[in-house]
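To start, the structure under review is shown below, and the notes come after it.
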Amino acid sequence: MFQVEKYQQACRELIPEGIVLLKNENGVLPLKSSDKIALFSRGQFEYVKSGSGSGGRVNCPYITQFYDEFSSRAQLDEEVSAFYRDFIAENPAEGDGWTYPASQKQPLLPEELVKRAAEKNDKAVFILSRICGEGYDCKAEKGNWYLSDEERQSIALICRYFAGRAAVLVNSGNLIDLSWHEELSVPALALVWQGGQEGARGTADALFNVIPPSGRLADTAARLESYPQEVAARITGKPAFGNEVRNFRAEDIYVGYRYFETFAKDDVLFPFGYGLTYTQFAIVCETAAVSGDAVNFVFRVKNTGKERGKEVVQLYFSAPQGRLGKPARVLCGFKKTKELQPGNTQKIEISVPFYTLASYDDTGAAGAESGENTAYCYVAEAGEYAFYAGENVRDAEKCFSFRMDKLRIISRCSQCLAPVLPFEKMATTDGKTYFFEPAALQKSPVRIERSAAAEAPVTGNRGIKLKDVESGRAKLEEFVAQFTAEELCMLVRGEGMSSVKGSVSGSASCFGGVSAEWAEAGVPVITTCDGPSGVRLECSIETQQIPSGTLIACAWDPYAAGAVYEGFAGELALHGVDVALAPGMNIHRHPLGGRNFEYYSEDPLLSGENAAAMAEVMAKNGAFVTLKHFAGNEQELRRGSVDEEMSERALREIYLKGFEIAVRGGYAKYIMTSYNRVANVHCSNSYALTTQILRGEWGFRGAVMTDWWAACDSAEALDKGVGCADENADVTKLASGVRAQNDLYMVVPDAATYKDDLKKQLGQGNLTLFDLRRSAENILRCVMLTETFKKGGFKRRDLSVKAGKTLYDKPFSSDKFTVRLPAAKEYAMRFSYAVDGDPLAQYKLTVRVNMQVTVNPVVRGTNGKEETSDLFSVYLPQEAEFWFEGTSWRTEKAAYKITRVMIYEKQD
């Protein structure tokens, strides 16, 4: 049974696990109940619970605030807090629900106010708030990546008057510039991230030592110009990040700490894995040995300090440079201790498989000397493999090494998704200096394999139900063979958003038995919802918001969030939802990435282990995750069409590795592809990605879905050859996705009537009955695992809304209108509208009747053209005053215009 209080408590207790304490001079932290504290910044009243967009916009029941949490534990300076309270009254927060400015306006602090506060208080805390999110990246501007002038002035004054007694808290889901911490003499600095609705409370627990903070950085903190993408772009002259058309990932495998620890140690502000605690630890490697195809370690961790706390054992390796070139250090294992009291110890065991030590050879260079064919293989080159253990990547000390006597091929693959356009990528031969060399290009077109067997005929209805397949009385192929091509087309279309066929209002989509033909055969409607921040429903229903992905990753304990995931699964079940559109697990390639807050880390192992743990816990509690966005969606700008060119080695070792780890974990049953292109092919229809790699190499047996209203390339364009993406890709070219085993197109208004190219491509032979049946089987295998299927489906709402006599049909040009109806009862209603936004945008309309929220239809952008909504049923009083409120889900506010309203008698 779902216990909301237990879920909320789990969220609260997770937050200190991920808070990263970067500085703590003079013992500023922890705070004490006896402290008198001056709390600076409007952020004390405006906690930023998450980033924006589908990964953050949860209608949660409350948001904890720093002012409330601090004032309940210590004495606050009310004069300082009143100053900010008054400023907020005159300068209310900006933002439209989907898009917010990166920071809210801050006041210039009166020096006298700070001086008085310093004289009567023990400590000062300044809260630095940031937000970014879906559809827009952060910017290298003041008040965004950099401090605003007002923030800099405030922190400088506070640190001057509260010399050695001040702390700065960064309430942001993304890294920001931290180079000011030394210049402004900041004594204590903590990244408190975005912790959902319990964020301020959980943060206060960490700062007041209720639960000691134990987070470690999941990214490298540096100056913006020092990140490898910026360096590579300056040298090569080609865009690496932030281009509207195409990015060349010239830094190659040297992402984050892989670059800094190899080539630019002095450019690091805080290294990967870094984080302080209120105590100290000693890590000793007791044993290390090669056993079979793995290296096994036993460590002993001792709390040598005076406070309780947790430590993270981080294990890195360095491989011989060989012919491929390698980073100086790569994370190969990690484990967090339980909470240790002073003097206590814990044994930690870590096993590193050889596969983790392997590099991908995308040219065959590794085998050139020996004559072995190593092209498109994972290989371990001959030489010394050294291992380093410690508290972070920089301070880890050598604890073991062994020699690989000769080149070893670990796994054979085939060339997939190599770049199609020439560029130069970063490389090294000595592991100390870099140069740029041409990236290996795709040699030949991807060939779609077809079944050699003749397609079985359509058998028609033989009375086989899906339950018969689940019980073993019939085969899945026999069940699917009953359906015509037209009926199969209905199954590969998901409906939404906020489909009335789903189990709950405001869901993201539903699929399965959305058409009568499939429902009659025992296929239930399966409902999905966002997402990375907890259950998100686009309606008035309140749900809980969990901590952000970055905070979870900084815990460095994939199962620390286990109780949170149990609560997440319970709340999904409460609303009859089987599939969560989470986790987001793209790489923090660049610190300005807009959705970094909902992703995990710059490191694929840390990302993959966290996603695998979430998938496992959720599945064991009756819900399924959706790994997204597969793959290369590390930029929000023009995400629907931007092409990402990268070496196949970088693709496999960095950008796909986290997905691979989660898939091989065995509990992930759904994957969502990304909007963007890789190697100039939309990921929504990349056969190399979703068939050759995902299924052929990793053995994935689940279902793949597109992102919402994803553009697809035409089958004809893809058949022309290497990287021949369709410049006119759109939302109707579904056939290319189905034949690539992207099984579910998300989303269409009606699965039975949607006009796409499936029928046309079937007729032309570019799509086959085999392709449709294969996707149907992929979908249905997953459907049979759901709680909804096991329970025989849910009681469906009445969907047969038919219009009778017209009662009202008039143009609409204002926000509200009044109509008198025959009686208070159910009516049928629709409206015409135009939205000045593209079809990837989502818009929620709140219809209030006599000031009460009555219905929340969600539509997408229409590029300013008029469209008419579907009929929906609504209970209306006799005297009804209608009020329409439009909410934009875009990077800019879009004009949401209702042009006509129609009300009918509801026909039975």
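Numbering follows our numbering, in which position 712 of the sequence shown is assigned residue number 802; successive positions increment by one, without gaps. Built from N, CA and C at the ideal position, the CB exists for glycine as well.
Under the 10 Å beta carbon count, L198 is surrounded by fewer than 16 other beta carbons and is classified as exposed. Residue A517 holds the alpha-carbon nearest to the alpha-carbon of I343 among A517, W798 and L274. The residue from V891, Y745 and R728 with its alpha-carbon nearest to that of H719 is Y745.
Taken in chain order, the complete alpha helix (DSSP H) segments of 4 or more residues contained in the segment 462 to 500 number zero; there are none.
Counted as a single uninterrupted DSSP element, the alpha helix (DSSP H) harbouring P694 occupies residues P694 to K710. Counting C-beta pairs closer than 8 Å gives three or more between the segment 463 to 476 and the segment 494 to 509, which meets the contact rule.
Q155 and F907 have their C-alpha atoms spaced approximately 39 Å apart.
A distance below 7 Å between beta-carbons, with the five flanking residues on each side excluded, links Y898 to the following residues of its chain, in chain order: V909, V991, M992 and I993.
Per DSSP, reduced to three states, the secondary structure at G827 is helical. According to the DSSP secondary-structure assignment, D620 is paired through a beta bridge with R626. When rounded, the separation of the alpha-carbon atoms in L314 and E568 is 58 Å. Per DSSP, D840 lies in no beta strand (DSSP E) and is assigned neither H nor E. In this model, R742 and V260 are separated by some 33 Å (Cα to Cα). The DSSP-derived three-state label of L112 is strand. Excluding residues up to 5 positions away in sequence, L581, V582, F601, G602, A793, D833 and L834 lie with their Cβ nearer than 8 Å to the Cβ of I869 in the same chain. For V403, the secondary structure class from DSSP, reduced to helix, strand or coil, is strand.
Remark: C-beta atoms of F387 and A378 approach each other more closely than 7 Å. Contact check between the segment 646 to 657 and the segment 704 to 724: three or more CB pairs, one atom from each, fall below 8 Å, which counts as touching. Annotation: K533 is outside any beta strand (DSSP E) and is labelled neither H nor E by DSSP. For G894, the secondary structure class from DSSP, reduced to helix, strand or coil, is strand.
Within the same chain, and ignoring the five residues on either side of N264 in sequence, the residues whose Cβ sits closer than 7 Å to its Cβ are R220, C222, C228, P681, N686 and F687. For P528, the enclosing beta strand (DSSP E) starts and ends at F525 to P528. Per DSSP, reduced to three states, the secondary structure at G292 is helical.
Close CB contacts of D803 within its chain, under the 7 Å cut and outside five residues either way in sequence, are with V771, H772, N775, A815, D816, A819, K823 and S826 (chain order).
By alpha-carbon distance to E576, the top candidate from G473, A508, D861 and A721 is D861.
Cβ neighbours of M836 within its own chain (closer than 6 Å, five residues either side excluded): G584, S599, M795, T796 and W798.
The segment 171 to 186 and the segment 207 to 218 do not touch, with fewer than three beta-carbon pairs separated by less than 8 Å.
Assignment of beta-bridge partners to N261 by DSSP yields S219. Beta-bridge annotation (DSSP): L281 is paired with V110 and V260. Within the model, the alpha-carbon separation for V964 versus R938 is close to 11 Å. Nearest neighbour of D452 by Cα position, chosen from L405, R413 and E159, turns out to be R413. In this structure A530 touches E738 by the C-beta definition: roughly 7 Å separates them, less than 8 Å.
The residue among P912, P182 and E103 with its C-alpha nearest the C-alpha of G292 is E103. Selection L664, T640, R767 and K496 evaluated against I631 yields L664 as nearest (Cα-Cα). Taking a C-beta distance under 7 Å as the contact criterion, R767 and E334 do not qualify as a contact pair. Residues A546 and T549 of the same chain have their beta carbon placed closer than 6 Å to that of A571, with the five preceding and five following residues left out of the count.
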